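Some notes on the structure that comes next.
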Amino acid sequence: MAQASSEYNMAEDKVTLHVNDAIPQSAKSQFGFSNFFQPCMAELLGLLLFVFIGCLAVQDSPLGVGTGSPAAIAVAVAHGFTIALLIAGFGHMRPSLVELVGVFLFVFIGTLSYSSLSVVAIAFAHGLIFALLIAGFGHISGGHFNPAVTLGVLIAGEITPLLALGYLVSQCVGAVIGAACCRGVLSFVPEGASMTPYEAILGGAHDLAPGVDPGRGILCEMLLTTVLITTVLMTAVDSKGKNSLAPLAIGFAVTVCILAGINVTGASMNPARSFGPAVVISYYKPAIWNHHYVYWVGPLLGSGFAGLMYRFVFASADKRLILKED
């Protein structure tokens with residue numbers, strides 16, 4: 000009996016040693032409210048908001064206010080500070096709930112940005128809201144708000160598979176709610192129009208550009224996501240590279256990649272961001288599912304590649320799987 004107890008304690012110590020210090024867990028507490036439920040809920044809400052804003056930003060203004068005009072900039076800044084205040088208000092939440100809240104915001108903002116029909120507006124809406132969400136929620140859940148980020152961080156050894164699964168569910172639920180909120184906001188018919196802004200932008204959902212085959216789409220999403228995940232790992236995870244500017248660096252990575260790839264695949268880099276709007280718009284356009292797998296396969300391949308490169312090459316000596324001597 001004494002030997003069995005010793006083996007159990009060793010296993011318990013092993014679990015503790017392999018969990019991120021920011022989210023302490025043990026074999027007995029990994030299903031706890033603050034260690035599991037709250038972080039997952041945070042991922043859900045975060046992606047909900049991200050998708051909502053991203054999709055909404057692509058609509059044309061019925062008032063004729065251009066996205067580069069002072070009025071549009073003032074509106075954008077006002078909304079940006081509002082989101083920042085919301086994030087600050089949610090700062091007491093635990094990881095899972097933070098991921099829910101963060102994804103809600105990310106999807107809401109990202110989807111809403113499509114209403115501007117401006118590539119620059121779309122790119123900056125996604126990049127800035129992502130940076131704000133990470134800055135506000137990063138100390139609680141890690142600020143993933145993206146299944147690809149969660150996979151990369153899992154490969155890096157910073158979270159457990161169980162928590163990663165909880166984040167994935169929270170992120171997808173948050174994305175669907177965010178896209179649904181965007182539909183509610185944009186389901187009106189402007190004077191002289193024949194359809195709602197929501198239908199005109201296909202709900203901010205992602206699809207391949209005309210002439211782009213799935214293979215090229217997967218390659219594009221893979222490479223764009225590699226850029227994003229490498230930035231995440233090197234600025235927010237690695238012990239030597241971790242710094243307070245990580246949210247800004249990650250937000251700019253999102254912005255740059257969208258500017259580069261939006262005319263090929265829409266530059267998702269985030270399976271949940273693509274999933275939420277697809278679920279909601281599929282009522283109007285069932286064909287949106289035809290190439291949806293591209294937005295899972297590409298980002299997850301890119302994340303896996305970036306994560307493995309980090310563990311084998313770029314990580315600090317204590318994290319590298321090989322060549323541990325500096």
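Under numbering that gives the first Met the number 0, think of the first position of the sequence shown as 0, with each following residue one higher. A virtual CB, placed ideally from N, CA and C, is assigned to each residue, including glycine. Keep in mind it's a predicted model, so treat the numbers as computed, not measured.
The beta carbon of L258 sits closer than 6 Å to the beta carbons of A122 from its chain, once the five residues preceding and following it are set aside; these are given in chain order. In terms of CA proximity to Y292, P213 leads the group P213, H138, L164. Around the beta carbon of P160, fewer than 16 other beta carbons lie within 10 angstroms, which makes this residue exposed.
Counted as a single uninterrupted DSSP element, the alpha helix (DSSP H) harbouring S273 occupies residues 270-280. Classified as exposed, H138 has fewer than 16 neighbouring CB atoms from the shown chains inside 10 Å of its CB.
Counting only the Cα atoms, Y282 lies some 11 Å from P276. A contact is defined here as three or more CB-CB pairs under 8 Å, and the segment 177-193 fails this definition with respect to the segment 153-169.
The continuous alpha helix (DSSP H) containing A120 extends over residues 118-140.
Rounded to the nearest angstrom, the gap between the Cα atoms of L232 and A192 is 46 Å.
For M308, the enclosing alpha helix (DSSP H) stretches over residues 293-308. Between the beta-carbon of E157 and that of V102 there is about 19 Å, and that puts the pair past the 8 Å contact cut. It is roughly 27 Å from the alpha-carbon of R319 to the alpha-carbon of F136. Counting along the chain, no alpha helix (DSSP H) covers E157, and no H or E run does either. Excluding sequence positions up to five before and after L300, its CB lies within less than 6 Å of the CB of M221, all in the same chain and listed in chain order. Sequence-distant Cβ neighbours of V263 in its own chain, meaning closer than 8 Å and more than five residues away, are L207, A208, V211, R215, G216, C219.
Contact annotation: A271 and L46 have beta-carbon atoms nearer than 8 Å.
A direct Cα-to-Cα measurement between G177 and G142 gives close to 17 Å. With distances taken between CA atoms, L227 lies nearest to G260 out of C171, V312, G260, V50. The Cβ-Cβ distance between V50 and A174 falls below 8 Å.
If you draw a straight line from the Cα of G203 to the Cα of V118, it comes to about 13 Å.
For R319, the secondary structure class from DSSP, reduced to helix, strand or coil, is coil. The continuous alpha helix (DSSP H) containing T224 extends over residues 213-231.
Comparing alpha-carbon positions, the option among T234, F30, P298 lying closest to A130 turns out to be T234. Excluding the 5 residues flanking it on each side, I321 has same chain C-beta neighbours closer than 8 Å at F311, in chain order. Taking C-beta separations shorter than 6 Å and ignoring five residues to either side along the sequence, F313 has no partners in its chain.
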